[in-house]
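> Numbers given in this note's numbering equal positions in the sequence shown, counted from 1, plus 11.
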Amino acid sequence: QGRAVMEPVAFSLPNDPRVWEAKGAKKVMMRNFADERRSVVLIPLLAAIMDDEVNAWATPDGYFNWVLGHEVGHTLGPRTVMKDGQQVTIQQALGEHYQPIEEGKADITSLYNTIYLREQGVDPETMEAHYAGFLSEALRSIRFGPASAYGLIRSAAWNYFVEKEALVFDASVGKFHVDMEKMPQAVEDLMVTILTIEGEGDADAAKAFLDQYSYVPADLQALLDQANATVPVEFVPMYATQ
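(1) Could you name the residues of the same chain whose beta carbon sits closer than 6 Å to that of ASN124, not counting the 5 residues immediately before and after it, in chain order?
(2) Enumerate, from N- to C-terminal direction, the unbroken alpha helix (DSSP H) stretches of 4 or more residues contained entirely within the segment 84-167.
(3) Classify GLY115 as buried or exposed, calling it buried when 16 or more other Cβ atoms lie within 10 Å of its own Cβ.
(4) Determine the burial state of ARG151: buried for a count of at least 16 other Cβ atoms within 10 Å of its Cβ, exposed for fewer.
(5) Enumerate in chain order the residues of its own chain whose CB-to-CB distance from MET61 is below 7 Å, with the five nearest sequence positions on each side excluded.
(6) Assess, as a yes-or-no matter, whether the segment 101-112 is touched by the segment 213-224 under the definition of 3 or more beta carbon pairs within less than 8 Å.
(7) Give the straight-line distance between the Cα atoms of ALA240 and LEU56, rounded to the nearest whole angstrom.
(8) Determine whether the beta carbon atoms of ALA24 and ALA33 lie at a separation below 8 Å.
(9) How long is the line joining the alpha carbons of VAL179 and TRP77, rounded to whole angstroms?
(10) Count the other C-beta atoms from every protein chain shown that fall within 10 angstroms of the C-beta of SER183, then say buried if there are 16 or more, exposed otherwise.
(11) Taking ALA143 as the reference, give the member of SER159, SER121, TYR226 and GLY156 with the closest Cα.
(12) What separation, rounded to the nearest whole angstrom, lies between the Cα atoms of PRO28 and PRO243?
(13) So what does DSSP say about MET40, is it helix, strand or coil?
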């Protein structure tokens with residue numbers, strides 16, 4: 012595990028907002044990598060942390076489409092903000108807090124936008140399938156710890172949802188459960204919080220949010236410790252050579 016790396020299953024490039032404005036951005040999805048991560052890491056990890064109901068929600072397309080929405084989410088929202096009379100990029104405004112906040116924006120707008128896509132008949136997967144996809148990826152990232160921007164923001168999202176009672180630890184089974192009556196509103200509230208931080212270029216608010224929510228609670232850490240004994244940290248791609 013100490014030598015594990017995070018393999019990409021998708022990417023959206025370039026990151027330069029000036030190029031976004033002039034030329035747009037390209038999203039690349041690697042379905043074979045996504046399917047392998049799901050089978051090797053995500054499904055076993057979800058089974059170790061979440062209750063049977065949430066595990067039954069998980070589907071290959073639910074995860075893949077959430078990842079697709081994540082990549083699309085990177086190129087949505089404001090790109091610049093006015094600070095002290097000057098126009099600066101969101102990255103410049105937020106400084107060291109930009110990457111986790113930006114990854115959080117992509118994560119949560121993907122969940123929120125799924126509602127619209129389903130209403131338009133574009134995405135037939137259930138909301139539950141997308142929540143299962145996000146939660147499995149969030150748990151994977153939390154294992155990497157706060158040194159990773161993904162681990163930092165996804166632990167924050169986890170604790171935010173717990174605070175909103177959208178994620179609940181069920182002591183009777185020793186695992187977490189999703190309250191589907193509360194999760195959609197919690198997703199919307201978190202999206203508004205993150206988009207406001209970016210839209211205002213508020214580095215202090217970004218720091219305060221991360222300081223408040225980015226940690227691994229004891230009940231989750233205990234389950235992760237158990238999962239570490241059997242669940243791989245990441246899949247390892249093997250490339251054919253002549």
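No residue lacks a Cβ here, since even glycine has one placed at the ideal position from N, Cα and C.
In short, the structure shows the following:
(1) As a working mapping, residue 124 is identified with position 113 in the sequence shown. When the five nearest sequence neighbours on each side are left out, the beta carbons in the same chain lying within less than 6 Å of the beta carbon of ASN124 are those of GLY80, in order along the chain.
(2) Scanning the segment 84-167 for uninterrupted alpha helix (DSSP H) segments of 4 residues or longer gives 101-105, 109-130 and 138-155, listed from N- to C-terminal end.
(3) If you number the sequence shown from 1, residue 115 lands on position 104. When all chains shown are included, GLY115 counts as buried.
(4) On the sequence shown, residue 151 is found 140 positions in, with the first residue counted as 1. Counting every other CB atom within 10 Å of its CB across the protein chains shown gives ARG151 a total of 16 or more, marking it as buried.
(5) One-based indexing of the sequence shown puts residue 61 at position 50. Same-chain partners within the cutoff: LEU146, LYS186 and PHE187.
(6) Contact between the segment 213-224 and the segment 101-112 is present, because at least three Cβ pairs lie under 8 Å.
(7) By one-based count along the sequence shown, residue 240 stands at place 229. By one-based count along the sequence shown, residue 56 stands at place 45. Answer to the nearest angstrom: the Cα atoms are 11 Å apart.
(8) As a first step, residue 24 must be located in the sequence shown, where it is residue number 13. As a first step, residue 33 must be located in the sequence shown, where it is residue number 22. The amino acid at residue 24 is misidentified as Ala; the sequence shows Leu. In this structure, ALA33 does not lie closer than 8 Å to LEU24 by Cβ.
(9) For the purposes of this step, residue 179 is taken as the residue at position 168 of the sequence shown. For the purposes of this step, residue 77 is taken as the residue at position 66 of the sequence shown. When only Cα atoms are considered, VAL179 and TRP77 end up about 22 Å apart.
(10) Your numbering for residue 183 matches position 172 in the sequence shown. The residue in question, SER183, is exposed, as its Cβ has fewer than 16 Cβ neighbours within 10 Å.
(11) Counting from 1 along the sequence shown, the entry for residue 143 is found at position 132. Looking at the Cα atoms, SER121 is the closest of the given residues.
(12) In the sequence shown, counting from the first residue as 1, residue 28 sits at position 17. In the sequence shown, counting from the first residue as 1, residue 243 sits at position 232. One C-alpha to the other measures close to 36 Å.
(13) The sequence position of residue 40 within the sequence shown is 29, counting from 1. MET40 sits in a strand when the DSSP states are folded into three classes.
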